[in-house]
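Student:
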Amino acid sequence: MGLEAKLNSDGFLVTQLDAVVAWARKNSVYPMPMGISCCAIEMMASADPKYDIARFGSEVMRFTPRQCDLMIVAGTVTYKMSHVVRKIYEQMPDPKWVIAMGACTSTGGMYRSYSVVQGIDQFLPVDVYVAGCPPRPDNLLNALIQIQNKIGRTRARDFQNLKLPELNVIQNN
Amino acid sequence: MELKELISQKLQTNFPEAELEFSEYRNEFNLKFNKKFVNPICKFLKEDTELEFLLCEDMTAVDWAKRKNRFTVVYHIFSIKHNFRLVLKADVDESDCSIDTVSSVWKTSNWQERECYDMYGIKFNNHPDLRRIYMPEEFEYHPLRKDFPLMGIPGSLPLPKK
C-alpha cells in the first residue's frame with residue numbers, strides 16, 4: 001500500500017535535492033508562539049483537536065526561538081514590547097518566516113495610540129498578514145498554508161547570501 | 174452622630190488651617206484641602222481609631238488644561254470599619270508641580286504615585302522610588318496631559334532596527 005507499493009514496482013524516484021528539502025521544510029514548520037494578547041487564545045485554539053494544526057505538521061510549538069522557523073506574532077505590540085519581539089526574532093535560526101496575526105499586529109488595530117506600534121512591519125519582515133480581531137483559527141491555518149506554499153517555492157540559492165544579524169554584545173561588569 | 178459630620182468635625186478641629194472644603198456628589202463624600210496638609214490629613218484619617226481609613230483604593234490626577242491650578246490629585250480611600258468611601262482632593266499648580274507622598278501612610282500608593290508621575294509629571298516629594306512605571310525610563314513626556322497628542326511625538330519612542 002501507499003509509498004511502499006510504488007517503491008516496489010518502480011524502484012527509484014528522481015527529483016531535485018532542493019525540492020526534497022523544501023518539501024520537508026514546509027511540512028515541518030515549527031511555530032514560535034509569540035502570544036502577546038487575545039489573539040493568542042485563537043492561536044491556542046488552532047492547536048486543539050478541533051482545528052488541529054498538526055494536520056499541517058506544525059503542532060510542535062516551541063517555546064524557545066532557537067528551535068523555530070515561523071514566528072506567529074499574535075497580539076498588540078507596544079513600543080516597549082517591540083524590542084523583545086525583535087530580539088526573539090533575531091534568536092531564531094535562518095531561514096525564518098513571520099505571520100502577523102490579527103488587526104493589532106498588522107496595523108495597530110483599534111489601539112490608535114501613542115504606545116502601540118502601528119503595524120509590526122515597521123521593525124519585522126512580515127510574510128503573511130491575517131485579518132480579524134481576533135482571527136478565527138481556520139484563518140490562521142489559511143495563513144500557515146500560505147507560508148507553506150511560500151516555503152515550497154524556496155530553493156537553496158535563496159538562502160545563500162543571508163547575512164547574520166549584528167549581535168548586540170552585552171557585557172556584564 | 175453621622176459619620177460625615179464626625180469626619181468634618183474631627184478634621185476641622187485638628188486642621189483649622191488646611192482650607193477644608195466638604196461637598197457631596199452622588200452619595201460620595203468629597204473633601205478638598207490645601208496640598209501642604211496631604212500627609213498629616215491622610216495619616217490622621219488612617220490612624221484615628223474612630224475612622225480607620227485603612228484602604229487606599231485608588232489615586233490619580235485630573236488635568237484641567239487651562240485652569241489656574243492645572244492639576245487635581247484625587248485619592249479614593251475606604252474605611253472597612255464603616256463601609257464608607259471618602260474622596261480626597263488637592264489642587265496642584267504647574268509652576269510648583271509637586272505634592273507630598275502618602276506612600277508612608279498607605280504602602281499601596283507607592284506604585285499609584287509612580288503611575289501618576291509617569292502620566293502627569295506631578296512630582297511626589299519624599300517618595301522612596303519615584304521612577305516611571307509604564308513608559309520607558311528615557312521617555313521625556315507625560316502622556317495623559319491634555320497637551321500631549323494622541324498619536325504621541327514621532328521619534329520619542331525608539332523602534333528596533335529592521
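Keeping their order, the protein sequence lines are chains A and B.
By the working numbering, the letter at position 156 of the first sequence is numbered 156, and the numbering carries on one by one without gaps.
Heads up: take any position in the second sequence, counting from 1, add 173, and you land on the working numbering.
From the three backbone atoms N, C-alpha and C, an ideal C-beta is built for every residue, glycine too.
Tell me whether residue 70 of chain A sits in a helix, a strand or coil according to DSSP, three-state version.
Tutor: strand
Student: State yes or no: is the C-beta of residue 250 of chain B within less than 8 Å of the C-beta of residue 230 of chain B?
Tutor: Cβ distance < 8 Å, so residue 250 of chain B and residue 230 of chain B count as in contact.
Student: On the DSSP bridge assignment, give the partners of residue 194 of chain B in chain order.
Tutor: B:205
Student: Look up residue 228 of chain B in the DSSP assignment and say whether it is helix, strand or coil.
Tutor: strand
Student: I'd like to know if residue 82 of chain A contacts chain B, where contact means its C-beta is closer than 8 Å to some C-beta of that chain.
Tutor: yes
Student: Between which two residues does the beta strand (DSSP E) harbouring residue 82 of chain A extend?
Tutor: That residue, residue 82 of chain A, is in no beta strand (DSSP E); its alpha helix (DSSP H) goes 79-91.
Student: Does DSSP put residue 126 of chain A in a helix, in a strand, or in coil?
Tutor: Note: residue 126 of chain A maps to coil in three-state DSSP.
Student: Run through chain B and tell me which residues come within less than 7 Å of residue 63 of chain A, C-beta to C-beta.
Tutor: Those within 7 Å of residue 63 of chain A in chain B number zero; the least Cβ separation is about 21 Å.
Student: Per the contact definition of three or more C-beta pairs closer than 8 Å, is the segment 15-22 of chain A in contact with the segment 141-156 of chain A?
Tutor: yes
Student: Kindly list, in the order they appear in chain A, the residues whose Cβ is closer than 8 Å to that of residue 327 of chain B.
Tutor: The contacting residues do not exist; residue 327 of chain B stays about 10 Å from chain A at best.
Student: Would residue 243 of chain B be called buried (16 or more neighbouring beta carbons within 10 Å of its own) or exposed?
Tutor: When all chains shown are included, residue 243 of chain B counts as buried.
Student: Within the continuous beta strand (DSSP E) that includes residue 100 of chain A, where are the two ends?
Tutor: 97-101
Student: According to DSSP, is residue 107 of chain A helix, strand or coil?
Tutor: Residue 107 of chain A falls in the helix class under three-state DSSP.
Student: Considering only residues of the same chain and omitting the five flanking positions on each side of residue 74 of chain A, which have a CB-CB separation below 6 Å?
Tutor: 35, 39, 40, 43, 101
Student: Residues of the segment 116-142 of chain A with a CB closer than 9 Å to any CB of chain B: list them in chain order, please.
Tutor: 117, 118, 121, 122, 123, 124, 125
Student: Just how far apart, CA to CA, sit residue 284 of chain B and residue 28 of chain A?
Tutor: 46 Å
Student: Consult DSSP for residue 155 of chain A and reduce its assignment to one of helix, strand or coil.
Tutor: Assignment of residue 155 of chain A by DSSP, reduced to helix, strand and coil, places it in the coil class.
Student: Would you kindly check if the distance between the Cβ of residue 303 of chain B and the Cβ of residue 236 of chain B is under 8 Å?
Tutor: no
Student: I'd like to check one pair, residue 263 of chain B with residue 208 of chain B: are the Cβ atoms closer than 8 Å?
Tutor: yes
Student: Answer with yes or no whether the minimum CB distance from residue 319 of chain B to chain A is below 8 Å.
Tutor: no
Student: Are at least three pairs of beta-carbons, each pair with one atom in the segment 107-126 of chain A and one in the segment 140-148 of chain A, less than 8 Å apart?
Tutor: no
Student: Can you list, in chain order, the residues of its chain with a C-beta nearer than 7 Å to that of residue 59 of chain A? Leave out the 5 residues immediately preceding and following it.
Tutor: 47, 53
Student: What number of angstroms, rounded off, separates the C-alpha of residue 82 of chain A from the C-alpha of residue 220 of chain B?
Tutor: Straight-line Cα distance between these residues: approximately 46 Å.
Student: For residue 135 of chain A, tell me which candidate among A:150, A:113, A:161, A:106 has the shortest Cα-Cα distance.
Tutor: Minimum Cα distance to residue 135 of chain A is reached at A:106.
Student: Could you check whether residue 3 of chain A and residue 32 of chain A sit closer than 8 Å to each other, using their CB atoms as the reference points?
Tutor: no
Student: Select from the segment 70-94 of chain A all residues with a C-beta closer than 7 Å to any C-beta belonging to chain B, and list them in chain order.
Tutor: 79, 80, 82, 83, 86
Student: Which residues, taken in chain order from the segment 102-117 of chain A, show a beta carbon closer than 9 Å to some beta carbon of chain B?
Tutor: 112, 113, 114, 115, 117
Student: Can you tell me the Cα-Cα spacing of residue 287 of chain B and residue 179 of chain B, whole angstroms?
Tutor: Approximately 32 Å between the Cα atoms of the pair.
Student: Once DSSP output is grouped into helix, strand and coil, what is the label at residue 47 of chain A?
Tutor: coil
Student: Quick one: does residue 324 of chain B have its CB under 8 Å from some CB of chain A?
Tutor: True, the Cβ-Cβ gap to chain A drops below 8 Å.
Student: Do residue 128 of chain A and residue 99 of chain A have their C-beta atoms within less than 8 Å of each other?
Tutor: yes
Student: Just to confirm the assignment, what range does the alpha helix (DSSP H) spanning residue 293 of chain B have?
Tutor: 282-293
Student: Applying a beta-carbon distance threshold of less than 8 Å, which residues of chain A neighbour residue 204 of chain B?
Tutor: Listed along chain A, no residue sits closer than 8 Å to residue 204 of chain B by beta-carbon distance, the nearest being about 34 Å off.
Student: Helix, strand or coil for residue 186 of chain B, going by three-state DSSP, please let me know.
Tutor: helix
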